[in-house]
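Protein sequence lines, in the order shown, are assigned to chains Y and S.
The first sequence: position 158 = 158 (my numbering), numbered continuously.
The second sequence: position 38 = 228 (my numbering), numbered continuously.
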Amino acid sequence: MSISSNGACFKRLLVMSGAAIGTVAIGGVAFLYSGLYSMGADDPHYDVTTWALETLRENSIARASQSIEVPSDLNSAERLLKGGADYNDMCAGCHLKPGKSENDFTLGLYPAPPNLATIHRTGEDEESEDQRNFWIIKHGIKASGMPAWAPGHDDTRIWSMVAFLKRLPDLTPTQYQILTARGKNDAAHH
Amino acid sequence: MNNKQLSALLAIPALMMAFAVQAHSEKEHMEKAENPDCATMNAMDHSKMDMSDPVVMAMMQQCMNTMQQGTAEVENTPHGHGEHMTGAGKASDHMQQAPSQ
Chain Y
1 MSISSNGACF KRLLVMSGAA IGTVAIGGVA FLYSGLYSMG ADDPHYDVTT WALETLRENS
61 IARASQSIEV PSDLNSAERL LKGGADYNDM CAGCHLKPGK SENDFTLGLY PAPPNLATIH
121 RTGEDEESED QRNFWIIKHG IKASGMPAWA PGHDDTRIWS MVAFLKRLPD LTPTQYQILT
181 ARGKNDAAHH
Chain S
191 MNNKQLSALL AIPALMMAFA VQAHSEKEHM EKAENPDCAT MNAMDHSKMD MSDPVVMAMM
251 QQCMNTMQQG TAEVENTPHG HGEHMTGAGK ASDHMQQAPS Q
């Protein structure tokens, strides 16, 4: 085969690739404007979309949280009390508490918020899990209903919530109530 | 629009945003705070609790006032030493037995 026919072949391949990419791009833009994709929270994504979004989310969080320094005192009573009260006020509405398996938010939100009272730690990489939880609470997750709590909540407060999450799946409803109640049970005043 | 009016227009939304950020303070949550249910804690078998477990330590900390008051009540009963005078019947039984001792 001569050099000139090789060049013509390469040129044709280039033109065909460009046409294919152009068609996909124009088709994509046309799809965006068509309004054909259902945005209802009660109509789940295709499996491939769910896979793509979850892969994007997990890798993004792992990368962003890998250098976060985990405090050494997460396993303290003070952290549990501070974090427990905040969890009850800010998180339990969506992520539930011991003795509760669903509510309007868990049934209606998409993606459904995980029930943190039942998810036991795998124990494989505790540090990564703490870093991940801290990052998610602080920054939130786009288009999921998970807000960023950083505005109005400092790192100490967020770490206390991470500390509470470590023990949450082990708690009974009674233990949960006592740990998360903000009121002072000053029986002397009753 | 003069400068004064413009700065007032900017200052009001800025103040409102600042107040919105403060709305997540712990004090705000305290207004609707519920008390820990320490009665259930007192009913638990303390000998089976791991006192070095942070969960148990945190529960103790939460219920410290109630537990201290419970101890004080026991110590202040006329015959003390863990005897709970919970019913009128018990008290009257005790008084009836006293003269025969």
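We treat Cβ as the ideally placed atom computed from N, Cα and C, and that holds for glycine.
Neighbourhood of Y/N133 in chain S, by CB distance below 7 Å: empty, with the nearest CB roughly 17 Å away. Taking S/V246 as reference, the option from Y/G183, Y/F31, Y/I178 and Y/G18 with the minimal CA-CA separation is Y/I178.
Inclusion of S/A248 and Y/L81 in the CB contact set at 7 Å is warranted, their separation being smaller than that value. The C-alpha of S/S237 is placed about 42 Å away from the C-alpha of Y/S67. In summary, the residues of the segment 215-248 of chain S whose CB is separated from some CB of chain Y by less than 7 Å are H219, M220, A223, E224, N225, P226, D227, C228, T230, M231, P244, V245, M247 and A248, in the order they occur in the chain. In the DSSP assignment, Y/G83 falls within the unbroken alpha helix (DSSP H) covering A77 to M90. Apart from sequence neighbours up to five positions away, the residues of its chain that approach Y/F164 with a beta-carbon distance below 6 Å are L80, G83, G84 and Y87, ordered along the chain. Annotation note: the segment 89-147 of chain Y contains the following uninterrupted alpha helix (DSSP H) runs of length 4 or greater, listed N- to C-terminal: 92-95, 104-108 and 126-139. Its Cα nearest to that of Y/T118, the residue Y/H95 stands out among Y/W149, Y/H95 and Y/P147. Here the alpha carbon of S/A233 sits roughly 11 Å from the alpha carbon of Y/T174. Using a Cβ-Cβ cut-off of 7 Å, Y/R121 does not count as an interface residue toward chain S, since no Cβ of chain S sits closer than that to its own.
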